[in-house]
Structure formats: structure tokens, C-alpha cells
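K.L.:
Under numbering that gives the first Met the number 0, think of the first position of the sequence shown as 0, with each following residue one higher. Just so you know, even glycine gets a beta-carbon here, dropped at the ideal spot from N, CA and C. Note that this is a predicted model, so its numbers are computed, not measured.
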Amino acid sequence: MGSVAWGLSSHCFFCSYFAAISFFLIYLFTFFLTILACVRTCRVKLWASAFGGEMKSISAKYSGSQLLQKKYKEFERAVRVEEIDGLRLVKRLAKNMEEMFHKKAQAMKRLVEAAEEAHLQHEENPDLQVNWFYVIFLRLYEQIKPIISYNLLNVTSFLVISLFSHCIFIDSAIVNGVYWSEALNKVFVDNFERDPSLIWQYFGSAKGFFRQYPGIKWKPDDHGVIAFDCRNRKWYIQAATSPKDVVILVDVSGSMKGLRLTIARQTVSSILDTLGDDDFFNIIHDLKSCLTKLCLQHFREHLDKLFAQGIGMLDIALTEAFNLLSDFNKTGRGSECSQAIMLVTDGAVDTYDAIFEKYNWPERKVRIFPYLIGRESAFADNLKWMACANKGYFTQISTLADVQENVMEYLHVLSRPKVIDREHDTVWTEAYIDSTSDDGQGPVLMTTVAMPVFSTKNETRNRGILLGVVGTDVPVSELLKTIPKYKLGIHGYAFAITNNGYILTHPDLRPLYGDGKKRRKPNYSSVDLSEVEWEDKDDTLRNAMVNRKTGTFSMEVTKSVDKGKRVLVLHNDYYYTDIKGTPFSLGVALSRGHGKYFFRGNVTVEEGLHDLEHPDVALADEWTYCNTDEHPKHRYLSQIDAIKMYLSGQEPRLHCDKELIQEVLFDAVVTAPLEAYWTSLVLNKSENSDKGVEIAYLGTRTGLSRINLFVVPDELTNLDFLTAEDKEGVFNADHFPLWYKRAAEQVPGTFIYSLPFNSGSENRSVVLASTAIQLLDERKSPIAAAVGIQMKLEFFQRKFWTASRQHINCYLIDNNGFILVAEDYTLTGNFFGEAEGAVMNKLLQMGSFKRVTLYDYQALCWVHSESSDSGRTLLDPYFAFFAAVKWILTELVMVGPHMQVPCDTEYPAFVSERTIKENMGNIDCDGCIKSFVIQQIPSSNLFMVVVDNKCDCSQFGPITMDPFEIMYILHLCLECERLKMQKDRRRPDTCHPFHPEGKRCCGLNVSKTILVVNSWACSISSSLFSTQHFSFTHTLHLL
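1) For H490, does the count of other Cβ atoms within 10 angstroms reach 16, so buried, or fall short, so exposed?
2) Terminal residues of the continuous beta strand (DSSP E) containing F202?
3) What's the C-alpha gap between D228 and I198?
4) Rank G648, V932, F955 and Q954 by C-alpha distance to the C-alpha of V946 and give the top, closest one.
5) Below 8 Å, can you find three or more Cβ-Cβ pairs linking the region 767-784 to the region 818-833?
6) What is the residue span of the alpha helix (DSSP H) that S476 lies within?
7) Tell me, which residues are paired with A695 by DSSP?
8) Given a threshold of 16 other Cβ atoms within 10 Å of its Cβ, counted over all protein chains shown, does A493 qualify as buried or as exposed?
9) For the candidate residues L508, D527 and S476, whose alpha-carbon lies nearest to that of Y501?
10) When the distance is taken between beta carbons, is R366 closer than 7 Å to G391?
11) Taking C-beta to C-beta, are V539 and Y574 nearer than 7 Å?
12) Taking K329 as the reference, give the member of G176, D244, A379 and D189 with the closest Cα.
13) Can you give me the start and stop residues for the beta strand (DSSP E) that W1040 sits inside?
14) State the start and end residues of the unbroken beta strand (DSSP E) segment that holds Y178.
15) Taking the C-alpha atoms as reference points, what is the distance between P242 and F665?
16) With distances taken from CA atoms, which of I660, V412, E532 and V851 is nearest V602?
17) Can you tell me the Cβ-Cβ gap for A114 and L466, rounded? I've got them flagged as a contact below 8 Å.
18) In this structure, does DSSP put N921 in helix, strand or coil?
19) Since L382 contacts P369 with CB under 8 Å, what's their CB separation in whole angstroms?
20) Would M544 and I496 be called neighbours here (beta carbons separated by less than 7 Å)?
21) Going by the CB atoms, is the gap between A386 and F393 shorter than 7 Å?
22) Report buried or exposed for Y635, applying the criterion of at least 16 other Cβ atoms within 10 angstroms of its Cβ.
23) Check the C-beta distance from P736 over to V729 and give it rounded, since I have them as a contact under 8 Å.
24) Where does M445 fall in DSSP's three states?
25) Can you tell me where the beta strand (DSSP E) with C809 in it begins and where it stops?
26) Check this for me: beta carbons of I578 and A93, under 7 Å apart or not?
27) Need the endpoints of the beta strand (DSSP E) that N571 sits in, please.
28) Would you mind listing the beta strand (DSSP E) stretches within the region 224-285 that are 3+ residues and don't spill past its ends, in chain order?
29) Just verifying my parser: in three-state terms, what is the DSSP assignment at L611?
30) Going by the beta-carbon positions, is the gap between V944 and Y810 smaller than 7 Å?
31) Have a look at N95, K548, Y409 and K456 and flag the residue whose alpha-carbon is nearest the alpha-carbon of H121.
32) With 16 other CB atoms within 10 Å as the buried threshold, where does W861 fall?
33) Please classify V678 as buried or exposed, where buried requires at least 16 neighbouring CB atoms within 10 angstroms.
34) Measure the C-alpha to C-alpha separation of E974 and R850 and round it to an integer number of angstroms.
35) Can you give the beta carbon distance from P506 to H284, rounded, assuming they're within the 8 Å contact cut?
36) Spatial neighbours of P937 within its chain, please: C-beta separation below 8 Å, excluding the five flanking residues on both sides.
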């Protein structure tokens, strides 16, 4: 027993001994690894500190940041800091816009009065002939000078009268109209002299001719045709008619074959072209049930497959149409004004009076507009009876050439109540780009104010004859001129929306796409506020503005900058109110912190003018210091010359922003010492012997900038920087330069470094280093200015590399994860996750970086691009609705397999966590341990990342920033109920659906629209679509 006990005891002793030895060895190994990691971390920290110190020294020296900070400090007692009253500010801006819009509306009122008086005094002469008035092209080009403000080929001594291109034979009504409308010429000129910002004024006749002042050179299309008809322009339609709900019935029975079906499709397309922003429509062409199929799938399958077959069931289609209008009207979401059924067919065997008696009589609230397709007239009487019995209009369309003119007739019918009521409603359109407008740099975004012109002759009073519509365009750039950008702060902005929630102006609106000559996006004019301010999930801000309320709203936003590659996380306060006399509402966004404060400086005019005249000084081109557009004499003045003239009192007619000019003078005085400072650096050759630093630049909160070159212009690496070609790098009407905005969000004294993306393939790459200048040391101090330098990328990289090391990869990345320096030069400008996916994934897990999800509801996707589902929107009825709409737009613009089409995308952005200065980690790559260290570069937005390259971690894959298309999946036809969900909208204030004295003129030769029953009407039979969500340019494909 004793020996056994001893043996067990000995065994336990040796076990304990070896366990202790093992634990000690593990401890030593762990301690050794810790020491090794500490040594590695400390070494990286020393590298980062040395590089950061040198770069800050170079950046501060050549930018003059310390000198400028000192100068502002010296003026600290001469300034007064004020907190911006956002509500008071937005009300003042709205008042300014009201005055501007009122001026435009008054000009149109003068045109209306002149036109109606001229027509009243004119005696119709059926024998009147004119051979010269079909004027489209100006011939005296040598006499034409462009108006500088808009760079348009026009001249105020010419006007142009153009005629709808289908009108080959000129009837006497058109000739008489041209004659009596000559009275408008004097009013055109008088209006222009009163308000030189009226770039165009025009009268669109109901007969098809178009009188425009000043005259412009019209551009024919690729076929040499000028296909312009003013009567299907939105401004004309909105002014001529009231809002309406329309159901289009399209006959697809067996007799509607060949040319008839082609004409029917074109008729539908033309009708859709006449629908405005406040109209709703639905199309019915097939009565088959879709309750057992995916609604959206069924819609897709049948849109392109409309063909003639079977027997038209017009009685069922009419019943469905009346029920659809009735049910939709009960929802309260429609126009609650005019209602119409358009019937496109080749004939009707019955009058269906029983249906009309049941659903429409005696009130006859729904007008019937039959369009008889084809040359045969066997069933014309039945269709004409329908029109006459239901306050509509009948027309027959025999050829494609007849479509446009005949479709327009229904507008005359709907305009009659307004004409008889003598209601000259002033209408404003959504933001749009007219096909005839171009400012020399690209299409012009504008809104139009229009008013109808009526016949006031006693003999035509009860007939309600619309003579036409007058209008003028207001470029959005004119609105921006009324907004003092310097009062909104670095990240602040103003925006405006329509009564339907669509953007009139917003810095995040992107209506164009493409490189070189920009093209319009299909749905650019119907971008909802919720698609750019998408963080407001409950539409609180949007709905308040649509309902024309005055108030405030706050939320945290993630703003993408630098073409969506970077993100700024801000907390915005929104202030909003209505713009009286218009359907628009105005909003102002101010970012919290420095964005809520403004300061006023005080210097003498003599001091300020002296320093403002320095050759290195420039002012923001798109900011309005003085309004040089009000008088032709002032249009050739630069803003600095205009300020000098204004302050000298030489030109009392020059209107300037006195407050802004005072602050410009202050900034000019404070920043003036930089000119001498930079000059001394240039003269001291030893200071910049390797010519790595090329430019020093400065920008202030008033749009004043200074630039100094350390090399001759021909030796500059980046010739576009700080020029008009560099849109992101200069002061624009609605935003500060990107380098200014990013510097403002860094810790005071920090330089932010950046370079163009994907720069590795270029030899002319540069690095920008910028820092913000605070007025005060306080946290809420406004940002007074930002300064920086441009240096060669090669110079910057040479400062980073001091020695090469095996088995490690060194990277220099910024706070958004983009590579500035790597041993593989081709990686420069790329996202770090693409080069080191495993390390980036670990940094995200450790919290050194965080992923921010962004959405783009104005995106364009390639037709065959890869897409993925997103959980965000499957249960969101609003975005499901827009998915269907954007799919329709896809069908409209797709002409080949590689076309870009509207879509919604989701994409990531990355930002570093400021509180984490250093970190290290290990990654298990199939048994091989990959280690890395990340260390922040002091006084910068940069990080040094040192990665052990001995392990193959390719199984982790790269992390990219590629966008993914959001796919909206509707599972059952019942889910199509989501399509009925609509955003809040505000109806126009006026409505003229009927007038008891209206004379019944129900047609002889006119056209109506659309037949039988649509595959999606059965699933959403209580809904109509708002036309605002659609582009009808190619609606031929819709059927």
C-alpha cells in the first residue's frame, strides 16, 4: 500500500512539475509576443509621428495657416458673433422669392391684358394672307450678340414666330392670330426693360403658333425637324385646364390590327403627353383576371405585348372605368376636380346609355372623349352621341399625322369652364429642362409661370374660347441668387419643393447624367424631397412643407460628398415656410455647431477696397454680391468692379448686398498679409528647392479666395484645380468647396489630406492639404476661412518612404479608408478594403472604422447590372410604388442591352472612429496568423497601416464600395395594394370642372382616348397613378 501511494504521489509531483514548466514557458512566449507587439506598435508610432510632424510643418508653412489664425485673433475684438435665427432667415428668404415671383407674374398679367384687348379689337379677315411669318431660323446671325447671363444665342431686337410642324397648310385663323398678337411685341419689350432677368417671354396660341421674345436659334433634331408644339408643354396644359382624373380605355379587339393599332398607341402616347403634374390616370386594355399572378410580373409581361384579338367588351370596360373613378374619388387622393374617360376604338355597336344613366347622369361629372380610329365611319354616330350626352368631344383619327392636332381638342373642352369663369389662374410648373434651352455649358433647369388668354368678345362668351397661354421661364439659378449662401454656413443650404413634394431646387438634385454633353434623366423633374432627405422616415419635414406650414425640424443626416465616396455625419436643423403666390415651399438647413453662428467684422471702406484690388483676390462666380443682370450696362462688370462702383456711389441703379460686401471687405483686410507671406516664400529659392509644393490657396466664408503659385503655370501638375472645371473645388451657388467642408469637420489645427480617386494610373496626381481657421477658441466658434496647399503626389510619397522592408506592406490611408500611399503605385486612390479585405474587415470588427449605409434614389443602373435585395424597402409601400414607376421608365428609355435606366441603389461608405488613435490585431488565415498595426498620423486625417504579408488571406475577399440595386419584390397580387400608397400632396387652390352656361360643342372631327381593360387595373382598381411619377416622352412603349 505504501509503495502504491508513493508511486501515485510521485506521478502527481512530476505532473505538477511539468505543468508548472509548461505554464511558465507559455507565459514567457506570451510575454515575448506582447513585447514584440509593443515594440512593433511603438516603432509604427514613431514612424507615424515623424511623418506627421514633417507634413504638418510643410503644410502649415506653405499655407500660412498660423499667420492667418493669428491675424483673425488680432481682429477678435472687432467682430461680433451672432447665432443665426433660422426661422427668421427662412421667412426673409421666402419674402425675397415672393417679390421676384410676383414681378414675373405681373409681367404675364400685362401680356394677358394686351393679348385679350388686341383680340377684342381685331376683326377676323378670312382672306388675310401672310407668306413670311413661318419664321424658325434667324438669318442675321452677325447682328446677334449673346446675353451674357445665360450665354444664349438671342437678340432683343428680334422675335420668332414658329408654327407647329404638322401644320403644313396655314388656315386663316392662324394668320389672323399672328396679326393680332403683334400687339404683344411692345409689351415684350416693356417687360424686358422693367425686368431684364426675363430671359424669354412667349405666347403659345391654341391654334399652334408660338410667338417668342427674344428670338433664339432653334435647333432641329437628327432628322432636321423642329418638333415643337407649345400646346403639349406642361406650362400650357396647366394654365389652360384644371386638374383631372383620367381613365384611358384602349380597344384591343380583333379589328384593331395593323395601322389602327399603331394609331391607337400613338394616340395614347399623345394623351399622356398632355397630362400635368396634378393629374392622375389609369389605362385599361384587358379584362382578364390577375388575382392569381404576381401583379408586377403580369404588368411586365403585358406592357410590350398589346395586340389585337377577341371581342371588345366596351360595356364592361365603361363600367370598370366609372367604378375606378368613383372609388378613387372616394379615397380623397385624386384631383377632386375634372374627370374624364378617354375611349380609343375603331367603333361602338351601341350607345350604352344604360351605363351612362346609371353612373353619370344627370350630373354628368365624367366627360367622355371618344377617338374613332381609322377611316371608316360606320359607328361614328354612336361615339359622337356618347360625347354629346356626356359633355365630351368626339374626333376621328385616320392617319398618324392627325393624332397630335386631334388629341389637343379635349384640352379646349376642359378649358371652357375656366374661360367662362374668366379666371386667369397663375400657374407655376415643376422644375424642368426645356429641350430648346441651353446656357452654353449645358441644359438649364427652370420653372415657368404661365397664364391663360381668353376671348372676351360678347359673341363667344358662352363658348369659352381659349386663345392661348402666355409664359416666361425662371431659371433655378435666379432663385439661388436670392439666397445669401454666406448666411447658411459651410454645410447649410436652401431648398424648395412643389405642392406635390417634388424638388424645385436642392443641392442634392442631380437631373443630368453622362460625361461631356450632359443628358436629362428620365425622371429628373419628379424627384421627391424624401428621396434626398431620406433620413426623415416619417416624412415629417416633407409633409409639413407640402401643407405650406411654417416651423422647424431636426434630424441627424449622413451627407455623401466627393461623388458619393465620402460621408459627413451632421445634425441639421430645418426651417421652412411657404412662398406666397406660388405652389412652392422654402426650406433652409443649418448644421449644428459652427453652422449656427455668423460673425460681423468692421473695417473701413478704404481699407477694404485697397486689399480687395490685389491681383490674387477672386470672388465666387455664382454668388451675388451685386446684381449685374438688372441693367444691360452692368452685365459686363465683374463682381469686384461692381462692388467698387457701388461703394464709390458712381452707379445708383446698381443693387448690392451691403451686408455681404461689408464682410468681404473685412475678409480682404484680414487675409491681405498672406500675399506678402507667400511672395516671400517664392523669392526664397531654398525654401522650395524640390518644387514639391505647387499652390497655396485660401477661401473665406464670404466666397473670397486667394491663390499663390510656387511654380510657373505651365509646370502645374493639376491644371483644373480651383477652376470652373473643378466643380467640387470652388464656391458654387449652393455649396462650399469640398476641401473647405471637410476641413471644417476636423479638430482645429488638423490638416486634412486627400487626392483624386484611382490616381495610380495617372502621372499628374496631386495631394491637397487643407485646414480650417476658427475665429475663436470656443467650441461654437464660426469657421472664418480655410487654407491649404497642393503638392505633387510623388513629393508626398517621398516624404513617407524612408526605407523598404520585407514581409510587410505599408499603407497610408485617410479617414474614409482611401489609399494615398502604397508600395503598389496602382492602388493609389483606391479603397483600402479592395487591397486588404481581411484587414479592413477586422478594423470594422474592432471599431477602428465603421460602415455607413447610404441610399441613392436618383441612380442609373445598367440594364444587365447585378442587383441584390434590400430588406429596407420590401415593406415600404412608397418605395415599392416608385419601383414600379421606375421600372416603367426603364422600359421607356431602354433601346439596347447596355442602356442606363433609373433605379434605386444602396451603397456603403466608411469613416474612422476619432477616439481610436491606434490599434493592432491578428487574423487567422487557415492556420496562418496575419498581424497588422494601425496608427493615426498626428494632426491629420491619415492612418499608417502596417500589414504582415506572409499569409494568404484571400479567402476573406475584398470589401468594396460598389452600389447594389435595390429590388422591390411584390409577392402576391394583393401586395399591389401598396401601389396605392401615395405621399401627401396639396391640390391647386382653384378648380373649374364645369360651368352651367357652357355651350355644348361635342365635336365633329376631334379625338378621344383609350379602350378596354388593363391587366393591372383589376388589381389596383381603386387607384389612379399621379402623372408626376412618370416620364411620357416615349409612351408609345407603354401599350
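P.N.:
Taking the definition as stated:
1) Here residue 490 refers to the residue found at position 491 of the sequence shown. H490 counts as buried, since no fewer than 16 other beta carbons sit within 10 angstroms of its beta carbon.
2) Sequence index remark: in the sequence shown, residue 202 carries index 203 (1-based). The continuous beta strand (DSSP E) containing F202 extends over residues Q200 to S204.
3) Here residue 228 is taken as the residue at index 229 of the sequence shown, counted from 1. Here residue 198 is taken as the residue at index 199 of the sequence shown, counted from 1. Their Cα atoms are separated by approximately 20 Å.
4) Start at 1 with the first residue of the sequence shown, and residue 946 comes out as number 947. A check of alpha carbon separations from V946 across G648, V932, F955 and Q954 identifies V932 as the nearest.
5) Under the Cβ criterion (8 Å, minimum of three pairs), the region 767-784 does not count as touching the region 818-833.
6) Along the sequence shown, one-based indexing puts residue 476 at 477. Segment V475 to K480, the alpha helix (DSSP H) holding S476.
7) Along the sequence shown, one-based indexing puts residue 695 at 696. Partner(s): N707 and I788.
8) Numbered from its first residue, the sequence shown carries residue 493 at position 494. Classification for A493: buried.
9) Position 502 of the sequence shown, counted from the start, is the residue given in the question as residue 501. Cα-wise, what sits closest to Y501 is D527.
10) Stepping through the sequence shown from its first residue, residue 391 is reached at position 392. Stepping through the sequence shown from its first residue, residue 366 is reached at position 367. Taking 7 Å as the cut-off, the beta carbon of G391 is found closer than this to the beta carbon of R366.
11) The residue you call residue 539 lines up with position 540 of the sequence shown. The residue you call residue 574 lines up with position 575 of the sequence shown. Note on identity: in this sequence residue 539 is Thr, with Val being the wrong assignment. No, they are not a contact pair.
12) Position 330 of the sequence shown, counting from 1, holds the residue named residue 329. Between K329 and the set G176, D244, A379 and D189, the nearest pair of CA atoms involves D244.
13) The chain is shown from 0 up to 1038; residue 1040 falls before or after that span and cannot be answered.
14) Numbered from 1 along the sequence shown, position 179 holds the residue referred to as residue 178. DSSP places Y178 outside any beta strand (DSSP E); the residue lies instead in the alpha helix (DSSP H), whose first and last residues are S171 to W179.
15) Here residue 242 refers to the residue found at position 243 of the sequence shown. Here residue 665 refers to the residue found at position 666 of the sequence shown. Whole-angstrom Cα-Cα distance: 53 Å.
16) Locating residue 602 in the sequence shown gives position 603, counting from the first residue. Minimum Cα distance to V602 is reached at I660.
17) If you number the sequence shown from 1, residue 114 lands on position 115. If you number the sequence shown from 1, residue 466 lands on position 467. Rounded, the Cβ-Cβ distance is 7 Å, consistent with contact.
18) On the sequence shown, residue 921 is found 922 positions in, with the first residue counted as 1. Note: N921 maps to strand in three-state DSSP.
19) Walking along the sequence shown from the start, residue 382 turns up at place 383. Walking along the sequence shown from the start, residue 369 turns up at place 370. Contact between L382 and P369 holds: CB atoms are separated by about 4 Å, below the 8 Å threshold.
20) Position 545 of the sequence shown, counted from the first residue, corresponds to residue 544. Position 497 of the sequence shown, counted from the first residue, corresponds to residue 496. With respect to I496, M544 sits close: the two C-beta atoms are nearer than 7 Å.
21) For the purposes of this step, residue 393 is identified with residue 394 of the sequence shown, where counting begins at 1. For the purposes of this step, residue 386 is identified with residue 387 of the sequence shown, where counting begins at 1. It is a contact, given that the beta carbons lie within the stated cut-off.
22) The residue given as residue 635 occupies position 636 in the sequence shown. The residue in question, Y635, is exposed, as its Cβ has fewer than 16 Cβ neighbours within 10 Å.
23) The count along the sequence shown starts at 1 and reaches residue 736 at position 737. The count along the sequence shown starts at 1 and reaches residue 729 at position 730. For P736 against V729, the beta-carbon gap comes to about 6 Å, under 8 Å, which counts as contact.
24) Translated into positions along the sequence shown, residue 445 becomes position 446. In the three-state scheme derived from DSSP, where H, G and I count as helix and E and B as strand, M445 is classed as strand.
25) Against the sequence shown, residue 809 aligns to sequence position 810. First-last of the beta strand (DSSP E) with C809: I807 to D813.
26) Numbered from its first residue, the sequence shown carries residue 578 at position 579. Numbered from its first residue, the sequence shown carries residue 93 at position 94. Against a cut-off of 7 Å, the Cβ pair of A93 and I578 comes out as a contact.
27) Residue mapping note: residue 571 aligns to position 572 of the sequence shown, counting from 1. The continuous beta strand (DSSP E) containing N571 extends over residues R565 to D577.
28) If only uninterrupted beta strand (DSSP E) runs of at least 3 residues are considered, those enclosed by the region 224-285 are 243-249 and 279-283.
29) Here the question's residue 611 lines up with position 612 in the sequence shown. Three-state DSSP puts L611 in a helix.
30) Here the question's residue 944 lines up with position 945 in the sequence shown. Here the question's residue 810 lines up with position 811 in the sequence shown. A contact, by the Cβ cut-off of 7 Å.
31) Walking along the sequence shown from the start, residue 121 turns up at place 122. Looking at the Cα atoms, K456 is the closest of the given residues.
32) Mapped onto the sequence shown, residue 861 falls at position 862. Exposed, because fewer than 16 other Cβ atoms sit within 10 Å of the Cβ of W861.
33) Indexing the sequence shown from 1 puts residue 678 at position 679. Per the sequence shown, the amino acid found at residue 678 is Thr instead of Val. Exposed, because fewer than 16 other Cβ atoms sit within 10 Å of the Cβ of T678.
34) Residue mapping note: residue 974 aligns to position 975 of the sequence shown, counting from 1. Residue mapping note: residue 850 aligns to position 851 of the sequence shown, counting from 1. Unreliable placement is indicated for E974, whose pLDDT of 39 sits below 50; the coordinate value is still reported in the next sentence. Those two C-alpha atoms are separated by around 33 Å.
35) Start at 1 with the first residue of the sequence shown, and residue 506 comes out as number 507. Start at 1 with the first residue of the sequence shown, and residue 284 comes out as number 285. With a Cβ gap of about 42 Å, P506 and H284 do not count as contacting.
36) Position 938 of the sequence shown, counted from the first residue, corresponds to residue 937. In the same chain as P937, and ignoring 5 residues on each side of it, the C-beta atoms closer than 8 Å to its own belong to A47, S48, G51, G52 and K55, in chain order.
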